[in-house]
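Asker: In the working numbering, each residue's number is its place in the sequence shown (first place is 1) plus 156. From the three backbone atoms N, C-alpha and C, an ideal C-beta is built for every residue, glycine too.
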Amino acid sequence: MHSSLRINDEVSTALAESRPIVAMESTIYSGMGLPSPANAECHERCSAVIRAGGAVPALTAILDGQAVVGVDAGELDRVLAGEAKIAARDLPLALASGLDVGVTTVSATVTICAAAGVEVFATGGIGGVHRGSELTGDVSHDLLAMSRHPVVTVSAGAKAFLDLARTLEELETLGVPVVGWNTDRFPAFYVRDSGLPVAATVSSGREVAGMLRAAAALGHRGGILVANPIPTADELDPQRINAALERALADVAAQGIAGPGVTPLVLAAIAEATDGDSVPANLALAENNARVATEIAVALS
Ligand code: PSU
Ligand code: MN
Numbered sequence: 157m158h159s160s161l162r163i164n165d166e167v168s169t170a171l172a173e174s175r176p177i178v179a180m181e182s183t184i185y186s187g188m189g190l191p192s193p194a195n196a197e198c199h200e201r202c203s204a205v206i207r208a209g210g211a212v213p214a215l216t217a218i219l220d221g222q223a224v225v226g227v228d229a230g231e232l233d234r235v236l237a238g239e240a241k242i243a244a245r246d247l248p249l250a251l252a253s254g255l256d257v258g259v260t261t262v263s264a265t266v267t268i269c270a271a272a273g274v275e276v277f278a279t280g281g282i283g284g285v286h287r288g289s290e291l292t293g294d295v296s297h298d299l300l301a302m303s304r305h306p307v308v309t310v311s312a313g314a315k316a317f318l319d320l321a322r323t324l325e326e327l328e329t330l331g332v333p334v335v336g337w338n339t340d341r342f343p344a345f346y347v348r349d350s351g352l353p354v355a356a357t358v359s360s361g362r363e364v365a366g367m368l369r370a371a372a373a374l375g376h377r378g379g380i381l382v383a384n385p386i387p388t389a390d391e392l393d394p395q396r397i398n399a400a401l402e403r404a405l406a407d408v409a410a411q412g413i414a415g416p417g418v419t420p421l422v423l424a425a426i427a428e429a430t431d432g433d434s435v436p437a438n439l440a441l442a443e444n445n446a447r448v449a450t451e452i453a454v455a456l457s
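Pasting the structure below:
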């Protein structure tokens, strides 16, 4: 039987030498997260900022039935074109059935990071508690996965169209520390302030590294969420984005779509409703998260 985990040479060497590594999920770089060619540009910019900060980028994905940590340049196009969205619970089937290409969500990525020994991960926005979840039960496994694996996730808050207050409550229930990066507010993806507070503010990679090491010393296995607001210059107008969100959610609801298919459709509808302005904002926040994740990875190494 072949190994379920494939770590590329660059990431293996960095692991062996305890050099900083920043993992990236692949769903945001696929057509389900961003339209082409913005998806490739986003991957390029995030990788570049990680390298510029002195860390090794490690894109995660499923390729030929293996969980890959560090997608090589020659395989990148396959991942960017991936159409199977793989959350943690999809990993057993994807690996056992030899799935050719799968893109990983936050939950799959933190699971794979923990298996590989990678401690820091940058994304755009995490999944969370969906609006109306009291009826649908739609709560992303991202939250539980972050509570299970000792990985720092850097995100610009949660996906904009979620129930953010309930998402924070659920993170509390699950025991995931949420810290704001230079802010005491939980960001709302395209805008810097959701109106909700976070319990603590951090302003250096060393502080976050200290938290992860302290948790490990207690035998606490969970991760940490670092909430990093979109840069001020790239922020969208809250009123405009909220109107676009409402329209996008109504569209998707009218089509009767539920479950994992919701996010890709809502993101596409938001891009349309903002005349494409949501896309550069998404790229800017992803790059900013990669920069902060790199600072944390450097502090940990
Ligand atoms: N946020 C975005 N774009 C995305 C996602 C989140 O702005 O593409 C993806 C992430 O990969 C996240 C996943 O882990 O959506 C959560 O999906 P679900 O709600 O089906 O658990
Ligand atoms: Mn879901």
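For the segment 361 to 388, which segments carrying the beta strand (DSSP E) assignment without a break, of at least 3 residues, lie completely within its bounds, in sequence order?
Answerer: Listed in chain order, they are 380 to 383.
Asker: Straight-line CA distance for GLU325 to ASP246?
Answerer: Cα-Cα distance, rounded: 26 Å.
Asker: Closer than 7 Å: is that where the CB of ASP132 sits relative to any heavy atom of the ligand PSU?
Answerer: Residue 132 lies beyond the residue range present for the chain, which begins at 157 and ends at 457; the question has no answer from this structure.
Asker: Below 8 Å CB to CB, which residues in the same chain sit around GLN222 once its five sequence neighbours on both sides are set aside?
Answerer: For GLN222, where only same-chain residues beyond five positions count, the Cβ hits under 8 Å are HIS158, SER159, SER160, LEU161, ARG162, LEU251.
Asker: Please name the residue, chosen from ALA170, HIS297, GLY366, that lies closest to THR267 on a Cα-to-Cα basis.
Answerer: Selected option, being the one with the closest Cα: HIS297.
Asker: Quick check: is any heavy atom of the ligand PSU less than 7 Å from the C-beta of MET465?
Answerer: Beyond the ends of the chain as shown, which are 157 and 457, falls residue 465; an answer cannot be given.
Asker: Which residues in the same chain as ASN164 place their Cβ atom closer than 6 Å to its Cβ, once the five residues preceding and following it in sequence are excluded?
Answerer: These residues qualify, in order along the chain: GLY226, ASP228.
Asker: Among SER168, ALA179, LEU171, which residue has its Cα nearest to the Cα of ALA446?
Answerer: Answer by Cα proximity: ALA179.
Asker: Which residue wins for smallest C-alpha separation from LEU456, given the options ALA211, SER186, LEU215, VAL354?
Answerer: When each option's Cα is compared against that of LEU456, the closest is ALA211.
Asker: State buried or exposed for ASN438, treating a residue as buried only when at least 16 other CB atoms are found within 10 Å of its CB.
Answerer: So ASN438 counts as buried.
Asker: Reducing DSSP to helix, strand and coil, say where MET180 ends up.
Answerer: Of the three classes helix, strand and coil, the one that applies to MET180 here is strand, per DSSP.
Asker: State yes or no: is the C-beta of PRO306 within less than 8 Å of the C-beta of ARG377?
Answerer: For PRO306 and ARG377, yes; Cβs fall inside 8 Å.
Asker: Can you tell me which of SER360, SER168, TYR346, ALA316 puts its alpha carbon nearest to the alpha carbon of THR388?
Answerer: Ranking SER360, SER168, TYR346, ALA316 by Cα distance to THR388 puts TYR346 first.
Asker: Rounded to a whole number of angstroms, what is the C-alpha to C-alpha distance between ALA370 and VAL354?
Answerer: Going from the Cα of ALA370 to the Cα of VAL354 covers about 20 Å.
Asker: Between which two residues does the beta strand (DSSP E) harbouring ILE218 extend?
Answerer: Counting along the chain, the beta strand (DSSP E) containing ILE218 begins and ends at 212 to 219.
Asker: Roughly how many whole angstroms lie between the Cα atoms of THR260 and GLU239?
Answerer: Cα to Cα, THR260 sits roughly 10 Å from GLU239.
Asker: Under 7 Å: does the beta carbon of PRO387 sit that close to some heavy atom of the ligand PSU?
Answerer: No - the ligand PSU has no heavy atom lying nearer than 7 Å to the Cβ of PRO387.
Asker: For SER289, tell me which candidate among GLN411, ASN338, LEU320 has the shortest Cα-Cα distance.
Answerer: Of the candidates GLN411, ASN338, LEU320, the one whose C-alpha sits nearest the C-alpha of SER289 is LEU320.
Asker: Let me check one thing: in DSSP terms, what residues is VAL335 bridge-paired to?
Answerer: Answer is ALA356, VAL382, bridged to VAL335.
Asker: Buried or exposed: which applies to ASN384, given that a residue is buried once 16 or more other Cβ atoms fall within 10 Å of its Cβ?
Answerer: With 16 or more Cβ atoms within 10 Å of its Cβ, ASN384 is classed as buried.
Asker: Tell whether a beta-carbon distance below 8 Å holds between ILE184 and ALA400.
Answerer: Taking 8 Å as the Cβ cut-off, ILE184 and ALA400 do not qualify as a contacting pair.
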